[in-house]
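The structure appears below as structure tokens.
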Amino acid sequence: MNPFDRLLKQLNLTPAGVLGLAVLAVLPFVPPFNQEYLVRWLISAALIAAGAIAFDFTAGYINIVNFGFYAILGFGGYTSAILAVNFGLTPWIGVFCGAVTAGLLGFLTGLLTLRLRGIFAAVMAWFVGLALMGLATKMVWLTRGPLGLRTPRLLETASNIPYYYLILLLMLVTYLICSRVVTSKVGIAFKAIGQNMDAARTSGINPTYYRILNFTLSCTLAGLLGGFYAHYYGILTPDIMHTSKTVEVLAVAYIGGRGSLWGGAAIAFPFILAMELVRSGLSNLPGLNLILYGLLLILVMIYYPGGFAVFFNTHVRNTKNRALNYFLNGAAART
Amino acid sequence: MSDRFIRWCRSAAGITILATILLAVAASMDRGPYIIVNTAITGGMLALVAIGLALLLGVMNVASFVHGEYFMIGTLVAYYVFTPLHNFLNTNPSPTLALVAPLIAIVAAAVVGAAAGALTEIMVFAPMRRRSRENWVMNSFLLTVGLAVILINGHLLIFGADFKGIVRYWVGAPVTIMDVFISRDRLFAFLLSLIVILAFWVFMKATRTGRAIRAVSQDETGALMVGINLNAILIFTMALGCSLAAVAGASLLFLYPSYPTVGLEALYMAWFIVILVGLGNIIGALIGGFMVALLKVLTVEYIGAGWDFVVPTALIILVLIFKPSGIFGSEVRGVLDQ
Chain F
1 MNPFDRLLKQ
11 LNLTPAGVLG
21 LAVLAVLPFV
31 PPFNQEYLVR
41 WLISAALIAA
51 GAIAFDFTAG
61 YINIVNFGFY
71 AILGFGGYTS
81 AILAVNFGLT
91 PWIGVFCGAV
101 TAGLLGFLTG
111 LLTLRLRGIF
121 AAVMAWFVGL
131 ALMGLATKMV
141 WLTRGPLGLR
151 TPRLLETASN
161 IPYYYLILLL
171 MLVTYLICSR
181 VVTSKVGIAF
191 KAIGQNMDAA
201 RTSGINPTYY
211 RILNFTLSCT
221 LAGLLGGFYA
231 HYYGILTPDI
241 MHTSKTVEVL
251 AVAYIGGRGS
261 LWGGAAIAFP
271 FILAMELVRS
281 GLSNLPGLNL
291 ILYGLLLILV
301 MIYYPGGFAV
311 FFNTHVRNTK
321 NRALNYFLNG
331 AAART
Chain S
1001 MSDRFIRWCR
1011 SAAGITILAT
1021 ILLAVAASMD
1031 RGPYIIVNTA
1041 ITGGMLALVA
1051 IGLALLLGVM
1061 NVASFVHGEY
1071 FMIGTLVAYY
1081 VFTPLHNFLN
1091 TNPSPTLALV
1101 APLIAIVAAA
1111 VVGAAAGALT
1121 EIMVFAPMRR
1131 RSRENWVMNS
1141 FLLTVGLAVI
1151 LINGHLLIFG
1161 ADFKGIVRYW
1171 VGAPVTIMDV
1181 FISRDRLFAF
1191 LLSLIVILAF
1201 WVFMKATRTG
1211 RAIRAVSQDE
1221 TGALMVGINL
1231 NAILIFTMAL
1241 GCSLAAVAGA
1251 SLLFLYPSYP
1261 TVGLEALYMA
1271 WFIVILVGLG
1281 NIIGALIGGF
1291 MVALLKVLTV
1301 EYIGAGWDFV
1311 VPTALIILVL
1321 IFKPSGIFGS
1331 EVRGVLDQ
């Protein structure tokens, strides 16, 4: 195995994945994507993609739907923004403070609910999200409420392209962290808990411990993404914590394929661009794009639970062609 | 008897009920009796929605996120049935029709709500159940999430985002009870909730179908073995639960005009009640409806509107720390684990 392959294997990437990232990297220079508004779409798609990875880390492995995902993401964003506005802390440190506080919030929520049935954690995270949104709306002296909090931006540039690379990097880091964890020993425990709780417990796994670990890590990553959100858009309103945002990430993660991590990220770009086209092209039919979200989510849940990832793994990856096989699966699969 | 009463008073259920009553009395002496009146009216309707949710949880094991949307369907149907009737009455007045028109609207909402619920079971849950029972609770929850998105945005797409409301159902001077003026609509909403709950109770206790529903909630396989038509019962339960929510929506149309996300508050409150009293506990949901209504009224009264999402969450955290199975306990398929 040559050093390149070994590196890829350690990073849990395949040559196809690297090519995908490379395509994404040159995309803002290729017409028609070299227009500013399309770069903004790409950024929002990358944000959703990164969110879907962090979301799938919980939903796909320990089978807990974090229904307050965007609220926790927004909590991280608000922490960073408030630190920057009230104490003049540079956003580059603030985003990490935001990530830590979001992780702490996730830890406390998990501590409270993860010893109970999975549905408690989902509903409780939702309640926490609603309460946070209520607080952000009502604590006007701190958050300026629905008027929106003006935040300093991360980079002093009017162009969107540097931000695009930043969020791509964040997405990659999110993927590397999550895939690193799920391929480790801890990841096996996660999968065991997600598949069969009793069997996992019999094998000496403490479900509560691993679930809280997973939940906290996922929330920390969400907080980091929230920091990016806050300091990219330059304005933060309580709307960021709305449940519909969580539903968006949830739909992308499940349509992409639960338990695959990369599925959601891969599907996010074409999906979000298509949805934006539907929304802006058919603006006389409001809500149509969200109806499509819901329909796709239901259809995938009922008829194709594995989503895009299972489709890809069974129909595309199993090829006899050696070069193509290497391209799709990396060097590891050949031996 | 007194011994049993004392023991009940010292149980979690007794303590909370007594504390709620004391709180209600204290608040009414402080601010006036309208607190109790408001609590009773909101509580009845909240209880209707929560009972439907508890029924779905208990019988079908579906943690429904879409329940508020049946409330929305109820408001929508009532609006589109009542408005033409109202316009008709304006041109040719008839006291009988004026008396019956709101009832027609509410019954229509109940029927459409039941049909929507049955359709949901047939088109969404039944295919899912046939496919796989694995991780049923989480998967069905996600299905309801998708369904909620579709219904909310379907409303937006077809009927638009504007408020579709009515001024009142019944014309006439408000009724005075305990020095509080209550509009006839509110009084009727309260009475209707009591009647519906009573009818539901009798149905569950005294009829064969009600017994079959309870049997399914206790043990699905056992129910199949004694010859209960499981699929029919599941469809019927879903229709019943959704119909209750639609009735609540229809009879509160004068308070909550119909718009796409009108059901969200009802959903939130119903979930709050259900977690507070214990998943799937139907009597608990009934009492919990009134307790949560009191909490809501007190929050708005003393802290201010807009905090009614924060206070319940704080309370739920306490419940989850000290008594995760809920105040009245849950007999449905364990609180711990999957």
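Going down the list, the sequences are from chains F and S. The first sequence begins at 1 in the numbering used here and counts up one residue at a time. The second sequence begins at 1001 in the numbering used here and counts up one residue at a time. Backbone N, C-alpha and C define an ideal beta-carbon position, used for all residues, glycine too.
According to DSSP, residues forming a beta bridge with residue i
i, result
"Leu236 of chain F", "F:Leu149"
"Thr1176 of chain S", "S:Phe1181"
"Lys1164 of chain S", "S:Ser1258"
Residue i to residue j span [Cα, whole Å]
i, j, result
"Gly223 of chain F", "Ala1019 of chain S", "39 Å"
"Leu324 of chain F", "Phe215 of chain F", "37 Å"
"Ile43 of chain F", "Tyr164 of chain F", "5 Å"
"Leu7 of chain F", "Asn329 of chain F", "14 Å"
"Gly1074 of chain S", "Val1107 of chain S", "10 Å"
"Thr336 of chain F", "Val26 of chain F", "Past the edges of chain F, shown from 1 to 335, lies residue 336 of chain F, and the structure says nothing about it."
"Ser203 of chain F", "Tyr61 of chain F", "17 Å"
"Ile1158 of chain S", "Thr314 of chain F", "40 Å"
"Trp262 of chain F", "Gly256 of chain F", "8 Å"
"Thr90 of chain F", "Asn34 of chain F", "30 Å"
"Pro28 of chain F", "Val39 of chain F", "6 Å"
"Phe120 of chain F", "Val100 of chain F", "24 Å"
"Arg1133 of chain S", "Glu36 of chain F", "47 Å"
"Arg1007 of chain S", "Ala1013 of chain S", "11 Å"
"Asn1281 of chain S", "Ala309 of chain F", "39 Å"
"Ile1150 of chain S", "Glu248 of chain F", "12 Å"
"Val1111 of chain S", "Leu297 of chain F", "28 Å"
"Gly145 of chain F", "Phe1005 of chain S", "49 Å"
"Phe4 of chain F", "Met171 of chain F", "21 Å"
"Asn1229 of chain S", "Phe1088 of chain S", "45 Å"
"Trp41 of chain F", "Leu250 of chain F", "19 Å"
"Leu1117 of chain S", "Tyr1080 of chain S", "Leu is not the amino acid found at residue 1117 of chain S; the sequence shown has Gly there. So the two alpha carbons sit approximately 19 Å from each other."
Pick from the options that is closest to residue i, judged by C-alpha positions
i, options, result
"Cys219 of chain F", "F:Ile177, F:Gly259 and F:Gly204", "F:Ile177"
"Asp239 of chain F", "F:Gln10, F:Ala54 and F:Gly68", "F:Gly68"
"Arg150 of chain F", "F:Leu296, F:Thr237, F:Gly106 and F:Val182", "F:Thr237"
"Ile53 of chain F", "F:Gly281, F:Asn313, F:Ala266 and F:Thr113", "F:Ala266"
"Pro1260 of chain S", "S:Leu1143, S:Val1059, S:Ile1051 and S:Gly1160", "S:Gly1160"
"Lys1296 of chain S", "S:Arg1004, S:Asp1003, S:Thr1042 and S:Pro1033", "S:Thr1042"
"Ser1028 of chain S", "S:Leu1103, S:Glu1301, S:Thr1209 and S:Ile1006", "S:Glu1301"
"Arg258 of chain F", "F:Asp56, F:Asn12 and F:Ile48", "F:Asp56"
"Leu1315 of chain S", "S:Ala1305, S:Thr1299 and S:Gly1304", "S:Thr1299"
"Ile1035 of chain S", "S:Gly1222, S:Thr1083, S:Ile1166 and S:Leu1294", "S:Leu1294"
"Ile1235 of chain S", "S:His1086, S:Phe1141, S:Ala1212 and S:Lys1323", "S:Ala1212"
"Asn1340 of chain S", "S:Ala1232, S:Asn1135 and S:Phe1181", "No information on residue 1340 of chain S is available, as it lies outside the stretch 1001 to 1338 that chain S covers here."
"Leu225 of chain F", "F:Cys97, F:Met1, F:Phe87 and F:Leu21", "F:Cys97"
"Ile1152 of chain S", "S:Thr1176, S:Ala1114, S:Ala1115 and S:Glu1069", "S:Glu1069"
"Ile1321 of chain S", "F:Leu277, F:Leu213, F:Thr109 and F:Val18", "F:Thr109"
"Val1059 of chain S", "S:Val1216, S:Pro1324, S:Val1310 and S:Ala1148", "S:Val1216"
Residue i: CB within 7 Å of a non-hydrogen atom of the ligand ATP
i, result
"Ala1215 of chain S", "This structure lacks the ligand ATP; in fact it carries no ligand of any kind."
Same chain, Cβ closer than 8 Å to residue i, neighbours up to 5 away in sequence not counted
i, result
"Arg334 of chain F", "In this prediction, Arg334 of chain F scores a pLDDT of 46, lower than 50, which makes its location untrustworthy; the coordinate-derived value is nonetheless stated afterwards. Arg322, Asn325 and Tyr326."
"Val1196 of chain S", "Leu1048, Leu1244 and Val1247"
"Met301 of chain F", "Tyr254"
"Thr14 of chain F", "Leu8, Phe327, Leu328, Asn329 and Gly330"
Cutoff 7 Å; reference residue i; Cβ partners in own chain excluding five residues on either side
i, result
"Met241 of chain F", "Tyr70, Ala71, Gly74, Gly129, Leu132, Met133 and Ala136"
"Arg201 of chain F", "Pro207"
"Ile93 of chain F", "none"
"Leu1055 of chain S", "Thr1237, Leu1240, Gly1241 and Ile1282"
"Val252 of chain F", "Ile48, Ala52, Gly264, Ile267, Ala268 and Phe271"
"Met1128 of chain S", "Asn1139, Ser1140 and Leu1143"
"Ser283 of chain F", "none"
"Lys1323 of chain S", "Ala1012"
Contact with chain B by residue i, beta-carbon distance below 8 Å
i, result
"Thr1313 of chain S", "Included in the structure are the protein chains F and S, with no chain B among them."
Other residues of its chain near residue i: CB distance less than 6 Å, five sequence neighbours each side excluded
i, result
"Phe269 of chain F", "Ala45"
"Ala1114 of chain S", "Ala1239 and Ser1243"
Does the structure place the segment 1061-1076 of chain S close enough to the segment 1236-1255 of chain S that three or more beta carbon pairs sit under 8 Å?
yes
contact_flag[the segment 1040-1054 of chain S, the segment 1282-1298 of chain S] where n(CB pairs < 8 Å) is 3 or more
yes
Is there contact here, the segment 75-86 of chain F with the segment 226-233 of chain F, by at least three beta-carbon pairs under 8 Å?
yes
How about the segment 1262-1281 of chain S and the segment 1049-1058 of chain S: do they share at least three Cβ pairs that are nearer than 8 Å?
yes
Between the segment 299-316 of chain F and the segment 1166-1183 of chain S, are three or more C-beta pairs nearer than 8 Å?
no
Do the segment 1211-1230 of chain S and the segment 1096-1104 of chain S make contact, defined as three or more Cβ pairs closer than 8 Å?
no
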